[in-house]
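J.:
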Amino acid sequence: MKTLKRASVSPTYVGIDIGKAQLDVAAPRLSLRVPNTAEGCIEMFAACRGVGKRLHFICEATGSQGRTLVSFLHAHRCKVSVLCPLHVRLFAKATGYLAKTDKIDAGMLAALGRTLHPKPTRKVGAPERRLREIMRRRQQLIFQQTIQKGQKHELFTKELRESAENVIRAIHAEVVLLDAAADAVINSSSRLLAKRDAMCEVKAVGVLTANRVLAECPEIGRLNRRQIAALAGVAPFNRDSGTVSGTRHIWGGRTHLRAALFMPAFVAARVNPVMSSYYQNLRARGKPSRVALVAVMRKLLIHLNHRARLGEIAFSGVKDKRG
921 MKTLKRASVS
931 PTYVGIDIGK
941 AQLDVAAPRL
951 SLRVPNTAEG
961 CIEMFAACRG
971 VGKRLHFICE
981 ATGSQGRTLV
991 SFLHAHRCKV
1001 SVLCPLHVRL
1011 FAKATGYLAK
1021 TDKIDAGMLA
1031 ALGRTLHPKP
1041 TRKVGAPERR
1051 LREIMRRRQQ
1061 LIFQQTIQKG
1071 QKHELFTKEL
1081 RESAENVIRA
1091 IHAEVVLLDA
1101 AADAVINSSS
1111 RLLAKRDAMC
1121 EVKAVGVLTA
1131 NRVLAECPEI
1141 GRLNRRQIAA
1151 LAGVAPFNRD
1161 SGTVSGTRHI
1171 WGGRTHLRAA
1181 LFMPAFVAAR
1191 VNPVMSSYYQ
1201 NLRARGKPSR
1211 VALVAVMRKL
1221 LIHLNHRARL
1231 GEIAFSGVKD
1241 KRG
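Residue numbers (this note's numbering): 921 to 1243.
Put into structure tokens, the structure is as follows:
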């Protein structure tokens, strides 16, 4: 007796162009604009349910402007892919979408979904999202503090120098508060705490580095070595053609994550025996110092990914024993 297999229903891709005030939505037999608010998301979702059963939403990464939409879709257990704007624009040019309006962009995002079938973006938990906000704010303040320290030496009068000192002290006090807030967030999550403790066992990696890496890469510990290197933009890509073997270059990736790895890699190349030996071998082979340092960044990140995986395994083991 033959058994009939249930035909799989292909997903209906919905493109959403995110603006500061509104969302432009495009899907088969659907085109609408709604406010970029919780009420607008409800209206959009109700309209989209009439065009398909398996909905897969496609949008670009727009920072805080898309937070309400993505949180709403994840809360309703919908598949949503948040894509790099550069990749989206390259797809648009390659497929003839040369004009650019909000409505056209929404339709182009839906076409991208039907063509490329992008993977859904993993839901980021509340502690991870909060940690990223804190660490991004901390980096903003550190940048302002560096500016004030540089300007202080250019000021002529005592009053102006004291003004700069007051600003520097105020920024330092805020940074201390943010560090305490980051610790509170991590201590509230046993998973994050286990990952951070595991990463801090690596020589040249301290609490601040671990906090920044966890903030910028919540996926750490769940990816393989190639995926984590490409995610950070520290994986070298070939530039070969015919008999010509070009110089490999890194490309793309998360800028904030690379910034979090630069100084730890710089220190690790000097104090961490494994990283130092690796760095010196690259220099002995004629690699420029910056190229060798990026290679150390990649090796360090891969090792941190392994340590984070061990931390997650330890967390799961403790959780199972308690359960």
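All C-beta atoms, glycine included, are put in the ideal place defined by N, C-alpha and C.
1) DSSP state of G935, grouped into three classes?
2) Who are the near neighbours of M1195 in its chain, counting only those whose CB is closer than 6 angstroms to its CB and skipping five residues on each side?
3) Does the Cβ of F1235 lie closer than 8 angstroms to at least one heavy atom of the ligand SAH?
4) So what does V979 bridge to, in DSSP terms?
5) Would I938 and C979 be called neighbours here (beta carbons separated by less than 9 angstroms)?
6) With DSSP collapsed to three states, give me the class of R1159.
7) Rounded to the nearest angstrom, what separates F992 and L1224 at their Cα positions?
8) At the level of alpha carbons, what is the spacing between Y933 and A1149?
9) Tell me where the alpha helix (DSSP H) around P1047 begins and ends.
10) Distance check for R1052 and E963, CA to CA, integer angstroms please.
11) I need the straight-line Cα distance from F1076 to F1063, nearest angstrom please.
12) Below 8 angstroms, can you find three or more Cβ-Cβ pairs linking the stretch 1022–1042 to the stretch 981–1001?
13) Which residue marks the beginning of the alpha helix (DSSP H) containing R1116, and which one marks its end?
14) Going by the beta-carbon positions, is the gap between A1031 and T1021 smaller than 9 angstroms?
15) Is it a yes or a no for the stretch 1085–1092 touching the stretch 1110–1120, going by three-plus beta-carbon pairs under 8 angstroms?
16) For R1227, count neighbouring C-beta atoms within 10 Å of its own C-beta (all shown protein chains included) and say buried if the count is 16 or more, exposed if not.
17) With a cut-off of 8 angstroms on the beta carbons, I'd call L1112 and I1054 a contact; round off their distance for me.
18) Please name the residue, chosen from L943, A1100, A1084, F1235, that lies closest to K1023 on a Cα-to-Cα basis.
19) Where does R1242 land, buried or exposed, given buried means 16+ other C-beta within 10 angstroms?
20) For the candidate residues A1114, I1222, R969, whose alpha-carbon lies nearest to that of A1234?
21) Within 10 angstroms of the Cβ of L1006, are there 16 or more other Cβ atoms? Answer buried if so, exposed if not.
22) Going along the chain, which residues of its own chain have a beta-carbon closer than 6 angstroms to the beta-carbon of E1085, five neighbours each way excluded?
T.: If we stick to the structure as given:
1) For this step, residue 935 is matched to residue 15 along the sequence shown. Strand at G935.
2) As a position in the sequence shown, residue 1195 is number 275, starting the count at 1. Closer than 6 angstroms at the Cβ level, and outside the excluded window around M1195, lie A1188, A1189, V1216.
3) As far as ligands go, the structure on display features none, and thus does not contain the ligand SAH.
4) Your numbering for residue 979 matches position 59 in the sequence shown. Checking the sequence, you will find Cys at residue 979 rather than Val. In DSSP, C979 forms a bridge with V1002.
5) Residue mapping note: residue 938 aligns to position 18 of the sequence shown, counting from 1. Residue mapping note: residue 979 aligns to position 59 of the sequence shown, counting from 1. Closer than 9 angstroms, so yes.
6) As a working mapping, residue 1159 is identified with position 239 in the sequence shown. Correct three-state label for R1159: coil.
7) Position 72 of the sequence shown, counting from 1, holds the residue named residue 992. Position 304 of the sequence shown, counting from 1, holds the residue named residue 1224. So the alpha carbons of these two residues sit roughly 32 angstroms apart.
8) Here residue 933 is taken as the residue at index 13 of the sequence shown, counted from 1. Here residue 1149 is taken as the residue at index 229 of the sequence shown, counted from 1. Distance between the alpha carbons of Y933 and A1149 is about 29 angstroms.
9) Mapped onto the sequence shown, residue 1047 falls at position 127. P1047 -> alpha helix (DSSP H) spans 1046–1072.
10) In the sequence shown, residue 963 corresponds to position 43, counting from 1. In the sequence shown, residue 1052 corresponds to position 132, counting from 1. Looking at the two C-alpha atoms, the distance is approximately 30 angstroms.
11) As a working note, residue 1076 is residue 156 in the sequence shown. As a working note, residue 1063 is residue 143 in the sequence shown. Going by the C-alpha atoms only, they are around 23 angstroms apart.
12) yes
13) Position 196 of the sequence shown, counting from 1, holds the residue named residue 1116. 1110–1119 is the span of the alpha helix (DSSP H), which, as asked, contains R1116.
14) The sequence position of residue 1031 within the sequence shown is 111, counting from 1. The sequence position of residue 1021 within the sequence shown is 101, counting from 1. Cβ distance not < 9 angstroms, so A1031 and T1021 don't count as in contact.
15) no
16) Your numbering for residue 1227 matches position 307 in the sequence shown. It counts as buried.
17) As a working note, residue 1112 is residue 192 in the sequence shown. As a working note, residue 1054 is residue 134 in the sequence shown. Actually they do not touch by this definition, with Cβ atoms about 12 angstroms apart.
18) Mapped onto the sequence shown, residue 1023 falls at position 103. Measuring from the Cα of K1023, the nearest candidate turns out to be L943.
19) Here the question's residue 1242 lines up with position 322 in the sequence shown. Its pLDDT being 41, under 50, R1242 is placed unreliably in this model, and the value from its coordinates should be taken loosely. R1242 is exposed by the Cβ-count criterion.
20) Taking the sequence shown and counting its residues from 1, the one referred to as residue 1234 is at position 314. Answer by Cα proximity: A1114.
21) What you label residue 1006 is simply residue 86 of the sequence shown in a count that begins at 1. It is exposed - the Cβ of L1006 has fewer than 16 other Cβ atoms within 10 Å.
22) Counting from 1 along the sequence shown, the entry for residue 1085 is found at position 165. Same-chain partners within the cutoff: there are none.
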